[in-house]
Amino acid sequence: MSEMKTATTVADLTKVKPYGDTLNDGKMELAFTLPVPYGEEAEECAKQYVKKLGFEEPNVTYYKELTPGYTFFVVYGSAQATIDYTQIKVPKVEGEVMDRVACGEWIGENIGRDITVVGASIESDAHTVGIDAIIQMKGFHGHFGLERFKNVVPYNMGSQVPCEELIAKAKEVNADAILVSQTVTQKDIHIMNLTKMVELLEAEGLRDKVILTCGGPRISHELAQELGYDAGFGPGKYAEHVMSFIMQEVKNRGWENKANIADR
Amino acid sequence: MKSKLNLDPKVVDSARNHANNIAHDMQDFIDRHTTVSTERTVARLLGVDGVDDVDNPLPNVLVDQLKEAGALPTGVAYMLGNAVLKTGKTTQEIAEEIGAGKLDITKLPLCSKEEALEALKPFIKKTFARIDEQKAKRQEMLSRIGEGSEPYLYVIVATGNIYEDVVQAQAAARQGADIIAVIRTTAQSLLDYVPYGPTTEGFGGTYATQENFRIMRKALDEVSEEVGRYIRLCNYSSGMCMPEIAAMGALERLDVMLNDAIYGILFRDINMQRTLVDQFMSRVIIGYCGIIFNSGEDNYLTTDDAIESAHTVTASQFINEQFAVLANIPEEQMGLGHAFEMDPSTEDGFLLELSQAIMAREIFPKARLKYMPPTKFMTGNIFRGHIQDALFNLVAIWSGQSLQLLGMLTEAIHTPHMHDRYLSIENAQYVFNNCKHIGDEVEFKKDGIIQKRAQEVLGKADALLAEVEKDGLFKTIELGKFGGVKRPYDGGHGLEGVCTKNENYFNPFIEMFMNH
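Chains as they are written, first to last, in our numbering: chain A, 3 to 266; chain B, 134 to 649.
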């Protein structure tokens, strides 16, 4: 147990560190594998490694040989680094989030026409789970998909859709927004795919004529913006988050009477 | 055995009978057609392998020459047998000459069908010798060093680099895994050729190539001897090259292959005519070679709701079973699939999962049921995920599943790290051992939640199969009754590679593979 210097229970938000069971104890658990043979040297190696990461009192609570030359560790330690919470700025998708019914009504009242979106899991990615969660009628986790929204016309093109095909479809149906899903992130394949989409849209002169969004388990709004998207939707975001953003953006851009891409 | 679920055997028989009629109806269509991939399979089985100087696989080069000359309906066997007779060269030499632009076998004068077959006999003999040797080797290892007990612990490796995969696979075997699946790189399923040679780059998986199969087989044989258990190797006989990969699996002694009669249609948008013809060729190979196939019913539940659509899984299991019967696959090689994919917030969801799993076992008592772990409702909360996987393991041991694809606590985050696999194996071993005979001990309340649920799902599956029988499988898929996915008869990838056979067509392997 580390030394108790104060009895305060109010965190100093300019110097935040992890909480175990006492303010500022810095307690964290780590689990990792080192490519070293199992034994007491391995244990010491893990301890020293965690110390080097800036933890005090590293405690290897469990270690186990995975295969000759590889050892798995569970380690507890007290983190020393602190963060000034008051200085944190996180880019967020702007606008109000409404539920499915409210979105439908809002579009009826404020846009006065249907909003059209096309979505796909692009390029090599064979996973439909993300795009289905947003578009398919059933949605995900009790949140209905866009197919169930009033005044929204969604097209779900499925998985492994080349960027060119997705763009062609967007033009064909005069989409207000394109939804790109990416699930596989190994070796940053999602970054390559997402970048390709932006570049192709720009090359076609369409980038400012459609709202471009992306989503997936490892996608944040910040990453999306860095890549040139209008918004990004990560875990815990459902169809209503996506549509709330798109419909308010359609209004902001004054596209109420510009259902055709050519007019925008 | 008395049904613990109080299932009505008449309903089971009725469902199976509908499925049998559905499969027979399709078989008429299948028997009249061939595909580029089926013909490339014949080429491979006749000894054609390798690539030309721009990396086109020679089976593709050969089949493309036939296709362009309009000779695909005659088939590779006839044309290649004829070429062997007329040139005196081996099948491989002929393919190499075509690749070098030196030979057009469609321009040669034609011998009779019988003469063509006769010319192929030495090549067919060589292939069967190789496959029979591989079957004998598996049998020898199984009887000498033994195997793990069911449910087999089945894990995946997916580094993208076959040599790194070997490290991970051997580690998993030492930790207790019984089956290693090398996940394919995303997008390979839509390639209309099989890449060649060892590969070290892939996304979310590693290319399925014959050389990669060989490298992994060798590594698993080594570790099998070390751990004293035969370690099975799994890959994908699916996608545009479904039967070709089955042939490669036969030659390199794969033990388990993912292979579904309709998965490619629904989830990869491969044309339905193409997939149905291809699945037949792949399954006759699988049946002969002692490979366990895994059907992909679990996937329905990732796009459709696991509670509402449970009966589509059961219906599809019946259909996959009957297609397998037509390809003469023994029941012990039928790895019919299903999954633990209900929303974990469902009240009594565990009872419904248990009901479904026991029902599958009662309906398909000898099948090597393949049980798939939670994926759709895995969140990145690894602690809760580990518990979801434990419940999944409990259902598996309780219901007597055969192949248990282990859930990973890091599902939805990344392809498994080395210690993720260890934690999953430990989880399964703990639950399987601790609850070993729970299935023998526990009976269910008459007309309780579990019994009622199974009866309801079976009844709905039977009704769906009756409908499919009436409409035909093609139309059923067009209407989106499986997985909630609609596919048109003439849509999807690969239709251009389908043709009707002409009167000279023959495929010497079908009959030989069926005869075992």
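Glycine residues also receive a C-beta, built at the ideal position from the N, C-alpha and C atoms.
None of the values given here were measured: they were computed from a predicted structure.
Just to make sure I have the definition right: I need the residues of chain B whose C-beta is within less than 7 Å of the C-beta of I191(A). Which are they?
Along the first sequence, read from residue 1 onward, the residue named residue 191(A) stands at position 189. What I191(A) touches in chain B: F336.
Could you tell me which chain B residues have their CB closer than 7 Å to the CB of K140(A), listed as they occur along the chain?
Numbered from 1 along the first sequence, position 138 holds the residue referred to as residue 140(A). What K140(A) touches in chain B: D438.
Entirely within the region 377–413 of chain B and at least 4 residues each: give me those alpha helix (DSSP H) ranges in chain order.
As summarised for the region 377–413 of chain B, the continuous alpha helix (DSSP H) elements at least 4 residues long and confined to that stretch are 396–400, given in chain order.
According to DSSP, is Q198(B) part of a helix, a strand, or is it coil?
Start at 1 with the first residue of the second sequence, and residue 198(B) comes out as number 65. DSSP places Q198(B) in helix when its eight states are reduced to three.
Pair every Cβ in the region 359–373 of chain B with every Cβ in the region 306–318 of chain B, then say whether three or more of these pairs are closer than 8 Å.
yes
What residue does the alpha helix (DSSP H) around P641(B) start on, and which one ends it?
Along the second sequence, one-based indexing puts residue 641(B) at 508. It spans P641 to M647 - the alpha helix (DSSP H) in which P641(B) sits, taken as one unbroken run.
Distance cutoff 7 Å, beta carbons only. Does S222(A) sit that close to anything in chain B?
The residue you call residue 222(A) lines up with position 220 of the first sequence. No, S222(A) does not count as interfacial toward chain B.
To be precise: take each residue of the region 106–129 of chain A, compare its Cβ to all Cβ atoms of chain C, and keep it if any distance is under 9 Å. Which residues remain?
Absence of chain C from the displayed structure is noted, the protein chains being A and B.
Could you tell me the alpha carbon to alpha carbon distance between A228(B) and L191(B), rounded to whole angstroms?
For the purposes of this step, residue 228(B) is taken as the residue at position 95 of the second sequence. For the purposes of this step, residue 191(B) is taken as the residue at position 58 of the second sequence. Between A228(B) and L191(B), the C-alpha separation is close to 6 Å.
Decide yes or no for the touch test of the region 508–523 of chain B against the region 251–271 of chain B: beta carbon pairs closer than 8 Å, at least 3 of them.
no
Identify each residue in the region 15–42 of chain A for which the Cβ-Cβ distance to at least one residue of chain B is less than 9 Å, and report them in chain order.
Against chain B - using a Cβ distance shorter than 9 Å - the residues of the region 15–42 of chain A are A33, F34 and T35.
In this structure, how does DSSP classify M3(A) when only helix, strand and coil are distinguished?
Indexing the first sequence from 1 puts residue 3(A) at position 1. In this predicted model, M3(A) has a pLDDT of only 48, less than 50, meaning its place in the structure is not dependable; the value taken from the coordinates is given anyway. In the structure shown, M3(A) sits in coil (DSSP, three-state: anything other than H, G, I, E or B).
List the endpoints of the continuous alpha helix (DSSP H) containing K254(B).
For the purposes of this step, residue 254(B) is taken as the residue at position 121 of the second sequence. Counting along the chain, the alpha helix (DSSP H) containing K254(B) begins and ends at K246 to I278.
With a threshold of 7 Å between beta-carbons, can H444(B) be considered close to chain A, or not?
In the second sequence, counting from the first residue as 1, residue 444(B) sits at position 311. H444(B) is outside the set of residues whose beta carbon lies under 7 Å from a beta carbon in chain A.
Can you tell me which of the three DSSP states H129(A) falls into?
Residue numbering aside, residue 129(A) sits at position 127 when the first sequence is read from its first letter. Note: H129(A) maps to coil in three-state DSSP.
How would you write the range of the alpha helix (DSSP H) that H519(B) sits in, first residue to last?
Residue mapping note: residue 519(B) aligns to position 386 of the second sequence, counting from 1. Where H519(B) is concerned, the enclosing alpha helix (DSSP H) stretches over I515 to S532.
Along the chain, where does the alpha helix (DSSP H) that runs through V356(B) open and close?
Residue numbering aside, residue 356(B) sits at position 223 when the second sequence is read from its first letter. Run containing V356(B): Q343 to V360, per the alpha helix (DSSP H) assignment.
For chain B, is any of its Cβ atoms less than 7 Å away from the one on M249(A)?
Start at 1 with the first residue of the first sequence, and residue 249(A) comes out as number 247. Closer than 7 Å: no.
Less than 7 Å between CB atoms is the rule here; does M551(B) satisfy it with respect to chain A?
As a working mapping, residue 551(B) is identified with position 418 in the second sequence. It does; some Cβ of chain A falls within 7 Å.
For the beta strand (DSSP E) that contains Y367(B), what are its first and last residues?
Taking the first residue of the second sequence as 1, we reach residue 367(B) at position 234. The amino acid at residue 367(B) is misidentified as Tyr; the sequence shows Cys. Start and end: R365 to Y369.
Looking at G379(B): is its Cβ nearer than 7 Å to the Cβ of V299(B)?
In the second sequence, the residue the question calls residue 379(B) occupies position 246. In the second sequence, the residue the question calls residue 299(B) occupies position 166. Note that residue 379(B) corresponds to Ala in the displayed sequence, not to Gly. No, the Cβ-Cβ distance between A379(B) and V299(B) is not below 7 Å.
Scan the region 140–166 of chain A for residues whose Cβ lies nearer than 9 Å to a Cβ of chain B and list them as they occur along the chain.
K140, F142, H143, G144, G160, S161 and Q162
On the DSSP bridge list, what partners appear for C216(A)?
Taking the first sequence and counting its residues from 1, the one referred to as residue 216(A) is at position 214. DSSP, once it has assigned bridges, lists V182(A) and G234(A) as partnering C216(A).
Less than 7 Å between CB atoms is the rule here; does T197(A) satisfy it with respect to chain B?
Residue numbering aside, residue 197(A) sits at position 195 when the first sequence is read from its first letter. Interface criterion not met: the Cβ of T197(A) is under 7 Å from no Cβ in chain B.
Give the straight-line distance between the Cα atoms of F34(A) and E45(A), rounded to the nearest whole angstrom.
Taking the first sequence and counting its residues from 1, one reaches residue 34(A) at position 32. Taking the first sequence and counting its residues from 1, one reaches residue 45(A) at position 43. F34(A) and E45(A) have their C-alpha atoms some 12 Å from each other.
When the Cα of Y157(A) is compared with those of C165(A), K171(A) and H145(A), which residue comes out closest?
Here residue 157(A) is taken as the residue at index 155 of the first sequence, counted from 1. Ranking the options by Cα distance to Y157(A), first place goes to K171(A).
Give me the Cβ distance between E385(B) and R350(B), rounded to the nearest whole Å; I'm assuming they're in contact under 8 Å.
To locate residue 385(B), count along the second sequence from 1; it is residue 252. To locate residue 350(B), count along the second sequence from 1; it is residue 217. Taking C-beta atoms under 8 Å as the contact rule, E385(B) and R350(B) qualify, at a distance of about 5 Å.
Considering only C-alpha positions, which residue in the set E230(B), L250(B), G279(B) and L606(B) is nearest to F642(B)?
Here the question's residue 642(B) lines up with position 509 in the second sequence. Of the candidates E230(B), L250(B), G279(B) and L606(B), the one whose C-alpha sits nearest the C-alpha of F642(B) is L250(B).
For chain A, is any of its Cβ atoms less than 7 Å away from the one on T319(B)?
What you label residue 319(B) is simply residue 186 of the second sequence in a count that begins at 1. Closer than 7 Å: yes.
Please report how far the alpha carbon of C374(B) lies from the alpha carbon of R416(B), in whole angstroms.
Here residue 374(B) corresponds to residue number 241 of the second sequence, with the count starting at 1. Here residue 416(B) corresponds to residue number 283 of the second sequence, with the count starting at 1. Their backbone Cα atoms lie some 13 Å apart in a straight line.
Check Q664(B) in the structure and name its three-state DSSP category.
A query on residue 664(B) cannot be resolved here, the shown segment of chain B reaching from 134 to 649 and no further.
Rounding to the nearest angstrom, what Cα-Cα distance links P463(B) and D388(B) in this structure?
Position 330 of the second sequence, counting from 1, holds the residue named residue 463(B). Position 255 of the second sequence, counting from 1, holds the residue named residue 388(B). Using only the alpha carbons, I get a separation of about 14 Å.
Does any CB atom of chain B fall closer than 7 Å to the CB of M3(A)?
Position 1 of the first sequence, counted from the first residue, corresponds to residue 3(A). Low confidence applies to M3(A): its pLDDT is 48, below 50, so where it sits in the model is not reliable enough to give any reading.
Measure the C-alpha to C-alpha separation of I263(A) and K253(A) and round it to an integer number of angstroms.
Start at 1 with the first residue of the first sequence, and residue 263(A) comes out as number 261. Start at 1 with the first residue of the first sequence, and residue 253(A) comes out as number 251. Approximately 15 Å between the Cα atoms of the pair.
What does V62(A) reach in chain B if we use C-beta pairs closer than 8 Å?
Against the first sequence, residue 62(A) aligns to sequence position 60. Residues of chain B passing the Cβ test: none, with the nearest at roughly 14 Å.
Counting only beta-carbon atoms, is R620(B) nearer than 7 Å to chain A?
Locating residue 620(B) in the second sequence gives position 487, counting from the first residue. For R620(B), the answer is no, since every Cβ of chain A falls outside 7 Å of its Cβ.
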